[in-house]
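Asker:
Protein chains: 2
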Amino acid sequence: MARTRFSPQRSLILEYVKQSTDHPTAEEIYQALKDCFPGLSRGTVYRNLNLLSDDGIIFKLPLPVERFDGFTNPHPHLICSGCGSVHDLKIDYDSGLDQLASESCGYQIQRHESFFFGLCPGCAADQQ
Amino acid sequence: MARTRFSPQRSLILEYVKQSTDHPTAEEIYQALKDCFPGLSRGTVYRNLNLLSDDGIIFKLPLPVERFDGFTNPHPHLICSGCGSVHDLKIDYDSGLDQLASESCGYQIQRHESFFFGLCPGCAADQQ
DNA sequence: TATTAAATAGGAATGATTCTTATTTTAACA
DNA sequence: TGTTAAAATAAGAATCATTCCTATTTAATA
């Protein structure tokens, strides 16, 4: 699965996603890297993010604006309804759920993805 | 919360979403209704879908392409990785999950949304 | 009936993402 | 080591979903 060639651009993008914890968008990654890698193009960022997630090396969250996660082991995400920020949620999530779902619907379940929506402390304070 | 005025267009759009079971996109709703309501515009479809989901009368799924659900009570969704179709999943889902998540992260959790990804029987057959 | 807020049609604008093309890089191997 | 061919790139055009704008229409109510 893994690519045979790893260009400097691809390595940089992968490294950035792996070390980030805020589930950046493609645009955010492009903005963060374009100065330390002059000439880097948006197309390259998008293409490599897709290749890397196709290969299972990073994870693409199925949200209206795509966000990327360096952790590929399944875990739920927490989305602030106020500011849209995304965080990992550290609760133990029933790993038998896919099996249960599979039995209920007859699909071959590959994975599941859960999003909890709520107000982060900052946005909750703003609403007072 | 509910709108005071209900135009024929809005009623039609609501009725369509309520009676459909395939979680249509805005475009699909527009295509389905434009012939029986000549002059209907995409703008009207999008605007009303947003108003209706703001009011909690329908539900907007947080997916890269937005899809709408006439059932507003929480339930997980099943997405085919092959054809992209969306179905409701009828498993009993722990209603204490929001509470658990809330305690773990300090957010005020409003709701959660779970997506199971897998191959529907048709797409699974195609892969043989 | 006149007023006015809400809603509409139609299309322009926006924003995210993908695609195209000409060029450059690099791995493999003669 | 030089050649070749596949893979990757930059730049920007194209696409697609969605929102916004404007002039017009509708409908509740005073």
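Residue numbers (my numbering), protein chains in the order written: chain A, 92 to 219; chain B, 92 to 219.
Idealized CB from N, CA, C, for every residue including glycine.
Go ahead and pull the three-state DSSP assignment for SER193 (chain A).
Answerer: Position 102 of the first sequence, counted from the start, is the residue given in the question as residue 193 (chain A). Looking at SER193 (chain A) - three-state DSSP - the assignment turns out to be helix.
Asker: Report the three-state DSSP secondary structure of ARG101 (chain A) (helix, strand or coil).
Answerer: The count along the first sequence starts at 1 and reaches residue 101 (chain A) at position 10. Here ARG101 (chain A) sits in helix by DSSP.
Asker: Looking at chain A, is there any beta carbon in it that lies within less than 8 Å of the beta carbon of PHE207 (chain B)?
Answerer: On the second sequence, position 116 is the one that residue 207 (chain B) refers to. Yes, PHE207 (chain B) counts as interfacial toward chain A.
Asker: Show which residues of chain B have a CB atom less than 7 Å away from the CB atom of GLY197 (chain A).
Answerer: Here the question's residue 197 (chain A) lines up with position 106 in the first sequence. Residues of chain B passing the Cβ test: PRO212.
Asker: Could you say which of A:ASN141, A:ASP185, A:PRO212, A:GLY147 lies nearest to HIS178 (chain A) if we only look at CA atoms?
Answerer: As a working note, residue 178 (chain A) is residue 87 in the first sequence. Answer by Cα proximity: A:PRO212.
Asker: Any beta-carbon of chain A closer than 8 Å to the one on CYS174 (chain B)?
Answerer: Here residue 174 (chain B) refers to the residue found at position 83 of the second sequence. CYS174 (chain B) does not count as touching chain A.
Asker: How close, in whole Å, do the beta carbons of SER111 (chain A) and GLY173 (chain A) come, if the pair is a contact with beta carbons under 8 Å?
Answerer: Taking the first sequence and counting its residues from 1, the one referred to as residue 111 (chain A) is at position 20. Taking the first sequence and counting its residues from 1, the one referred to as residue 173 (chain A) is at position 82. The Cβ separation is near 21 Å, so there is no contact.
Asker: Can you give me the start and stop residues for the alpha helix (DSSP H) that VAL136 (chain B) sits inside?
Answerer: For this step, residue 136 (chain B) is matched to residue 45 along the second sequence. That run of the alpha helix (DSSP H) goes 133-145.
Asker: If distances are taken between C-alpha atoms only, which option among A:THR135, A:GLU204, A:HIS203, A:GLN190 comes closest to SER98 (chain A)?
Answerer: The residue you call residue 98 (chain A) lines up with position 7 of the first sequence. Per the Cα distances, A:THR135.
Asker: If ILE149 (chain B) sits next to VAL108 (chain B), beta carbons under 8 Å apart, how far is it from one beta carbon to the other, in whole angstroms?
Answerer: For the purposes of this step, residue 149 (chain B) is taken as residue 58 along the second sequence, with counting starting at 1. For the purposes of this step, residue 108 (chain B) is taken as residue 17 along the second sequence, with counting starting at 1. Confirmed, about 5 Å.
Asker: Classify ASP179 (chain B) as helix, strand or coil using the three-state DSSP reduction.
Answerer: Within the second sequence, residue 179 (chain B) is the residue found at index 88, counting from 1. DSSP places ASP179 (chain B) in strand when its eight states are reduced to three.
Asker: Should PRO167 (chain A) and LEU180 (chain A) be called a contact, given that it needs their Cβ atoms to be closer than 8 Å?
Answerer: In the first sequence, residue 167 (chain A) corresponds to position 76, counting from 1. In the first sequence, residue 180 (chain A) corresponds to position 89, counting from 1. Yes, the pair counts as a contact, with Cβ atoms nearer than the cut-off.
Asker: Between the C-alpha atoms of TYR102 (chain A) and LEU140 (chain A), what's the straight-line distance to the nearest angstrom?
Answerer: What you label residue 102 (chain A) is simply residue 11 of the first sequence in a count that begins at 1. What you label residue 140 (chain A) is simply residue 49 of the first sequence in a count that begins at 1. The question names Tyr, but residue 102 (chain A) is Ser in the sequence shown. C-alpha separation (whole angstroms): 11 Å.
Asker: Please list, in chain order, the chain B residues whose beta carbon lies closer than 9 Å to that of ILE200 (chain A).
Answerer: On the first sequence, position 109 is the one that residue 200 (chain A) refers to. Per Cβ cutoff of 9 Å: LEU169, PHE207, PHE208, GLY209, LEU210.
Asker: Locate the beta strand (DSSP E) running through ILE200 (chain B), then write down its first and last residues.
Answerer: Within the second sequence, the letter at position 109 stands for residue 200 (chain B). Taken as a continuous stretch (DSSP letters only), the beta strand (DSSP E) holding ILE200 (chain B) covers 199-210.
Asker: Distance check for CYS214 (chain B) and ALA123 (chain B), CA to CA, integer angstroms please.
Answerer: As a working note, residue 123 (chain B) is residue 32 in the second sequence. As a working note, residue 214 (chain B) is residue 123 in the second sequence. Those two C-alpha atoms are separated by around 25 Å.
Asker: Which of the three DSSP states is assigned to LYS125 (chain B) in this structure?
Answerer: Counting from 1 along the second sequence, the entry for residue 125 (chain B) is found at position 34. Coil.
Asker: What separation, rounded to the nearest whole angstrom, lies between the Cα atoms of MET92 (chain A) and ASP146 (chain A)?
Answerer: The residue given as residue 92 (chain A) occupies position 1 in the first sequence. The residue given as residue 146 (chain A) occupies position 55 in the first sequence. Any reading at MET92 (chain A) must be qualified, since the residue scores a pLDDT of 49, below 50, and its modelled position is unreliable; the value itself is stated next. Their Cα atoms are separated by approximately 6 Å.
Asker: DSSP three-state label for ASP160 (chain B), please.
Answerer: Taking the first residue of the second sequence as position 1, residue 160 (chain B) is located at position 69. Note: ASP160 (chain B) maps to strand in three-state DSSP.
Asker: I'd like to know if GLU118 (chain A) contacts chain B, where contact means its C-beta is closer than 8 Å to some C-beta of that chain.
Answerer: As a first step, residue 118 (chain A) must be located in the first sequence, where it is residue number 27. Chain B contact via Cβ: absent.
Asker: Rounded to a whole number of angstroms, what is the C-alpha to C-alpha distance between HIS114 (chain B) and ASP113 (chain A)?
Answerer: Position 23 of the second sequence, counted from the start, is the residue given in the question as residue 114 (chain B). Position 22 of the first sequence, counted from the start, is the residue given in the question as residue 113 (chain A). Distance between the alpha carbons of HIS114 (chain B) and ASP113 (chain A) is about 30 Å.
Asker: Could you confirm whether any beta carbon from chain A is found closer than 8 Å to the beta carbon of LEU191 (chain B)?
Answerer: Taking the second sequence and counting its residues from 1, one reaches residue 191 (chain B) at position 100. So, interface residue.
Asker: Can you list the residues of chain A that LEU154 (chain B) reaches, using a CB-CB cut of under 9 Å?
Answerer: For this step, residue 154 (chain B) is matched to residue 63 along the second sequence. Correct list: PRO153, LEU154, PRO155.
Asker: Please confirm if ALA216 (chain B) has its CB atom under 8 Å from at least one CB of chain A.
Answerer: Residue mapping note: residue 216 (chain B) aligns to position 125 of the second sequence, counting from 1. No, no contact with chain A.
Asker: Measure the C-alpha to C-alpha separation of LEU210 (chain B) and GLU106 (chain B) and round it to an integer number of angstroms.
Answerer: Translated into the one-based positions of the second sequence, residue 210 (chain B) becomes position 119. Translated into the one-based positions of the second sequence, residue 106 (chain B) becomes position 15. Distance between the alpha carbons of LEU210 (chain B) and GLU106 (chain B): 30 Å.
Asker: Do GLN201 (chain A) and PHE208 (chain B) have their C-beta atoms within less than 8 Å of each other?
Answerer: Numbered from its first residue, the first sequence carries residue 201 (chain A) at position 110. Numbered from its first residue, the second sequence carries residue 208 (chain B) at position 117. Closer than 8 Å, so yes.
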